[in-house]
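Enquirer:
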Amino acid sequence: MERRELLKTIALLTGTAVVGGEIFLTGCKNPVTSKSAFTPAMISLLDEVAETIIPTTDTPGAKTAKTGAFMQIMIEDCYTKKEQDAFMKGIEELEKKCNTENGVSFTKLTPEKRLAFLQRLEREAKEYNENLKKEKEENEKTKKEDPPPHYYSMMKQLTLWGFFSSETGMTETLRHAPVPGRFDGNVPYVKGEKAWAE
Amino acid sequence: MLEDYPVLRRDYPLNETVLDLWVKDKECPYTETKPFSWFRGYHVGGRSLMWGRQSYRFNKWDFEANLKDGHGVDWPIRYEDLAPWYSHVEKFAGIQGSKEGLEVLPDGEFMPAMELNCVEKDVAEKLKKHYNGNRHLIIGRSANITVPHEGRTNCQYRNRCWRGCPFGGYFSTQSSTLPAAMKTGKLTLRPFSIVTQVLFDKDSKKATGVEILDATDNKTYQYKSKIVFLCASSFNSTWVLMNSATDIWPEGLGSSSGELGHNVMDHHFRCGAGGTVEGYSDRYTYGRRPTGIYVPRFRNIYEDKRSYVRGFGYQGGAGRGRGVQVAEFTIGAELKEALSVPSDNWHMGIMGFGEMLPYHENKISLNKNVKDKWGLPVLDMDVEIKENEKKMREDMMNDAKEMLEASGVKNAYTYDYGYEVGMGIHEMGTARMGRDPKTSVLNSNNQVWDCKNVFVTDGACMTSASCVNPSLTYMAMTARAANFAVEELKKGNL
């Protein structure tokens, strides 16, 4: 049930249902899987995008958690063909947009500029997803597959999902007790202390 | 995975940590005249590995309910008949729980109880006060041991039960009954054996053993015995009966009453209420308790009278989730920080588990047009909930909200995720016990009326469902019937 909770949180934070979430919860794999054309360059771009969303602080960030590689697995196993295509196209669009706005590839930007760029994408994604709402309501009635959300929303979802289910995410950014050995339902909590991973 | 589970992929228990333990419905299909979720485990240990471990006694009213309100037939036993056997199996399995002295939820032989967390304690106290001591919130009684027991290590609070506990922290065939049986030196375990029929001798009117199909080599073998116990998880016990002695009874052994396969029951659930609890942001938990809270039934007992019969209980709990209070468009270090701490408020949720009445028309039957991987006919499910259950579900939601609000829970909301029969994984009925061979399949000692040396002691034998989780009752029933069988064997009656 923990994973269900995580997916709920991610949906809340990205304002749209987690793409691939339902298929994931029932154990994958998506039968329509086509080996998508991920290149090492794309994976490292995704690592850098993820690292901007969840950076290294006093604990490792999304790049250390290999979030780019996680994205590839989830997309290949749990995304529909339509969602896969939208994501792959999104990688191109992100690079194109970054080049137009900054004159260089995302990976060449300073951390500050990366953050500013993605914050602009946050706004763009929100608007885009809201415009999809009507189409989704129509689909609800006709039981048609929902259109994929903005590509950035998918990237952010997969970043949070991958990071908070990774070993470093769960044991260093969060706390984890593999064998607690006892239960105490009333321990003091001091503000700022890390949350239990599960 | 999806290809192997064309039907059950829709439901929650399937996920990759336990996938190899659920029967693949592609290999072992069933058909649905009405939607039915059937979760099975055909490995050694069966569903004892994946069960929810909640362990409650039926109360005295449960055994009288059918007689009083006229649904189904009267149980041939009463609470007093089963009470010593509840004690017997509780001591053997190891059940943690608190003694509450409630008629509606009889106490048992408990190990020290797991603790309510601080928010649950608070809610329990407020609930008691608001309802003048007539509604209770207690720790969920479960088959997780809190002290070492029979070579098993006590629960380590990992909450990984479904993966099969390496400590033997919860009761399962593997942790408990199998080692005990091995110790006798008299057990032969034969896995990969599909019992296809009980062998019936029409002259002596007795079973002489069983025939099995070896799932690995597709050959049949016969095993002879003086008695046969069917404990194949409700529907499969009935399936075996339906395939037995068909030369005498076309509908199978035990079908002379016309009740074999009928009166299917489950527990209907997946509706209730939740909300947030403020004022505990300086409190947290340590360890992962493998049980929640329980609210025993309060409807249609004593003076309470509703527009439906029977009742429901609640399961649930309070917990402190992770932070989600993040300003819009926040990313980077700030987002990471916000997501790495607990949320300010706790969440408290309860879900109703309601009794389903035994309706004759709710039935399973053999579908000979569809065969499983081994060429055996499959079961067809024709079961639904009716008005009584639907009315009850309204109360299950609204009472939950009212009680949470009365306990100071904020932002209370109700929900109904929808229910189809089988989701409770508490299949009951189809070979019910009764007082009359004309209206029941089994007698008061779980013997098939038409064949006294065949016993059915799993959920199939249930005459009514109560609203509490049924496994402990099956265990007690089995121990009682086994004791009876041994006594009868000694007397030469079987």
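Quick note, the sequences are listed as chains A and B, same order.
Mapped onto this note's numbering, the consecutive letters of the first sequence carry residue numbers 1126 to 1323.
Mapped onto this note's numbering, the consecutive letters of the second sequence carry residue numbers 983 to 1476.
In this text, a Cβ means the ideal position worked out from N, Cα and C, and glycines have one as well.
1) Can you check which of these residues, B:L996, B:L1001, B:Y1012, is closest to K1353 (chain B) by C-alpha distance?
2) Measuring CB to CB, does H1342 (chain B) end up less than 9 Å from G1257 (chain B)?
3) Have a look at B:N1041, B:S1069, B:R1140 and flag the residue whose alpha-carbon is nearest the alpha-carbon of A1458 (chain B).
4) When the Cβ atoms of the segment 1169-1185 of chain B are set against those of the segment 1220-1240 of chain B, are three or more pairs found closer than 8 Å?
5) Given D993 (chain B), which residues of its chain have a CB within under 8 Å of its CB, disregarding the five upstream and five downstream residues?
6) Taking contact to mean 3 or more Cβ pairs, one atom from each stretch, closer than 8 Å, check whether the segment 1190-1208 of chain A and the segment 1134-1147 of chain A are in contact.
7) In whole angstroms, give me the CA-to-CA distance for T1455 (chain B) and M1093 (chain B).
8) Counting C-beta neighbours from all protein chains within 10 Å, is the total for K1420 (chain B) 16 or more, i.e. buried, or is it exposed?
9) Distance, Cα to Cα, D1440 (chain B) vs T1298 (chain A)?
10) With a cut-off of 9 Å, does the C-beta of E1371 (chain B) fall near any C-beta of chain A?
11) Using 8 Å as the threshold, is the segment 1108-1123 of chain B in touch with the segment 1300-1311 of chain B, meaning 3 or more CB pairs across them?
12) At which residue ranges does the segment 1131-1196 of chain B contain complete beta strand (DSSP E) runs of 3 or more residues, listed in the order of the chain?
13) Could you pull the DSSP bridge partners for V1430 (chain B) from this structure?
14) Can you tell me which of the three DSSP states S1278 (chain A) falls into?
15) Based on Cα-Cα distance, which residue from B:V1436, B:K1372, B:P1148, B:A1382 lies nearest to E1402 (chain B)?
16) Can a CB atom of chain B be found closer than 9 Å to the CB of L1234 (chain A)?
17) Short check: CB of Y1277 (chain A) to CB of A1320 (chain A), under 9 Å?
18) I'd like to know whether the C-beta of N1099 (chain B) is nearer than 9 Å to at least one C-beta of chain A.
19) Can you list, in chain order, the stretches of the alpha helix (DSSP H) that have 4 or more residues and sit fully within the segment 1434-1473 of chain B?
20) Kindly identify the DSSP beta-bridge partner or partners of D1398 (chain B).
21) When the cut-off is 9 Å and only beta carbons count, does K1251 (chain A) lie next to chain B?
22) Could you tell me whether the segment 1320-1339 of chain B touches the segment 1373-1390 of chain B, where touching means 3 or more Cβ pairs closer than 8 Å?
23) Verify the CB distance criterion: does Y1314 (chain A) have a CB-CB separation below 9 Å to chain B?
24) Below 8 Å, is the gap between the Cβ of A1190 (chain A) and the nearest heavy atom of the ligand FAD?
25) If you reduce the DSSP assignment to three classes, tell me which class G1404 (chain B) lands in.
26) At the 9 Å Cβ level, is G1317 (chain A) part of the contact set with chain B, yes or no?
27) For M1126 (chain A), which residues from the same chain have a beta carbon less than 7 Å from its beta carbon, with the 5 sequence-adjacent residues on both sides left out?
28) Using a Cβ-Cβ cut-off of less than 9 Å, list which residues of the segment 1309-1324 of chain B approach chain A; keep chain order.
29) Look up A1300 (chain B) in the DSSP assignment and give the residues it is bridged to.
30) 9 Å is my cut-off, CB to CB: does I1200 (chain A) come that close to chain B?
31) Are the CB atoms of A1189 (chain B) and N1465 (chain B) nearer to each other than 9 Å?
32) Compare the C-alpha of P1180 (chain A) against each of A:P1236, A:R1248, A:S1290, A:K1316 and name the closest.
33) For L1361 (chain B), does the count of other Cβ atoms within 10 angstroms reach 16, so buried, or fall short, so exposed?
Expert: Straight from the coordinates:
1) Within the second sequence, the letter at position 371 stands for residue 1353 (chain B). Comparing Cα-Cα distances from K1353 (chain B) to each of B:L996, B:L1001, B:Y1012, the minimum goes to B:Y1012.
2) On the second sequence, residue 1342 (chain B) is found 360 positions in, with the first residue counted as 1. On the second sequence, residue 1257 (chain B) is found 275 positions in, with the first residue counted as 1. Cβ distance not < 9 Å, so H1342 (chain B) and G1257 (chain B) don't count as in contact.
3) Indexing the second sequence from 1 puts residue 1458 (chain B) at position 476. When each option's Cα is compared against that of A1458 (chain B), the closest is B:S1069.
4) yes
5) Residue numbering aside, residue 993 (chain B) sits at position 11 when the second sequence is read from its first letter. Only S1019, F1021, M1405 meet the Cβ criterion.
6) yes
7) Within the second sequence, residue 1455 (chain B) is the residue found at index 473, counting from 1. Within the second sequence, residue 1093 (chain B) is the residue found at index 111, counting from 1. Taking the straight line from one Cα to the other gives about 18 Å.
8) If you number the second sequence from 1, residue 1420 (chain B) lands on position 438. Burial call: exposed.
9) Working through the second sequence from its first residue, we reach residue 1440 (chain B) at position 458. Working through the first sequence from its first residue, we reach residue 1298 (chain A) at position 173. C-alpha separation (whole angstroms): 47 Å.
10) Position 389 of the second sequence, counted from the start, is the residue given in the question as residue 1371 (chain B). No, E1371 (chain B) does not count as interfacial toward chain A.
11) no
12) 1175-1183, 1188-1196
13) Counting from one through the second sequence, the residue named residue 1430 (chain B) turns up at place 448. Paired residue(s): B:L1424, B:C1433.
14) By 1-based counting over the first sequence, the position of residue 1278 (chain A) is 153. Here S1278 (chain A) sits in helix by DSSP.
15) For the purposes of this step, residue 1402 (chain B) is taken as the residue at position 420 of the second sequence. The option with the nearest alpha carbon to E1402 (chain B) is B:K1372.
16) Translated into the one-based positions of the first sequence, residue 1234 (chain A) becomes position 109. No - not a single Cβ of chain B is within 9 Å of the one on L1234 (chain A).
17) Taking the first residue of the first sequence as position 1, residue 1277 (chain A) is located at position 152. Taking the first residue of the first sequence as position 1, residue 1320 (chain A) is located at position 195. Against a cut-off of 9 Å, the Cβ pair of A1320 (chain A) and Y1277 (chain A) comes out as no contact.
18) Position 117 of the second sequence, counted from the start, is the residue given in the question as residue 1099 (chain B). So, interface residue.
19) 1453-1473
20) As a first step, residue 1398 (chain B) must be located in the second sequence, where it is residue number 416. Looking at the DSSP assignment, D1398 (chain B) forms a beta bridge with B:C1253.
21) As a working mapping, residue 1251 (chain A) is identified with position 126 in the first sequence. Interface residue, yes.
22) yes
23) The residue you call residue 1314 (chain A) lines up with position 189 of the first sequence. Closer than 9 Å to some Cβ of chain B, the Cβ of Y1314 (chain A) qualifies, so yes.
24) Summarising the ligand content, the structure contains no ligands, and the ligand FAD is consequently not present.
25) Against the second sequence, residue 1404 (chain B) aligns to sequence position 422. If DSSP states are grouped into helix, strand and coil, G1404 (chain B) belongs with coil.
26) Residue 1317 (chain A) sits at position 192 when you count from the first residue of the first sequence. Closer than 9 Å to some Cβ of chain B, the Cβ of G1317 (chain A) qualifies, so yes.
27) By 1-based counting over the first sequence, the position of residue 1126 (chain A) is 1. Interpretation of M1126 (chain A) is limited by its pLDDT of 43, a score under 50 that renders its predicted location unreliable; no figure is taken from the coordinates.
28) E1310, F1311, T1312, I1313, G1314, A1315, L1317, K1318, E1319, L1321, S1322, V1323, P1324
29) Start at 1 with the first residue of the second sequence, and residue 1300 (chain B) comes out as number 318. DSSP lists B:M1330 as partners of A1300 (chain B).
30) As a working note, residue 1200 (chain A) is residue 75 in the first sequence. It does not; no Cβ of chain B falls within 9 Å.
31) Residue mapping note: residue 1189 (chain B) aligns to position 207 of the second sequence, counting from 1. Residue mapping note: residue 1465 (chain B) aligns to position 483 of the second sequence, counting from 1. Not a contact, by the Cβ cut-off of 9 Å.
32) For the purposes of this step, residue 1180 (chain A) is taken as the residue at position 55 of the first sequence. When each option's Cα is compared against that of P1180 (chain A), the closest is A:P1236.
33) On the second sequence, position 379 is the one that residue 1361 (chain B) refers to. L1361 (chain B) should be labelled buried.
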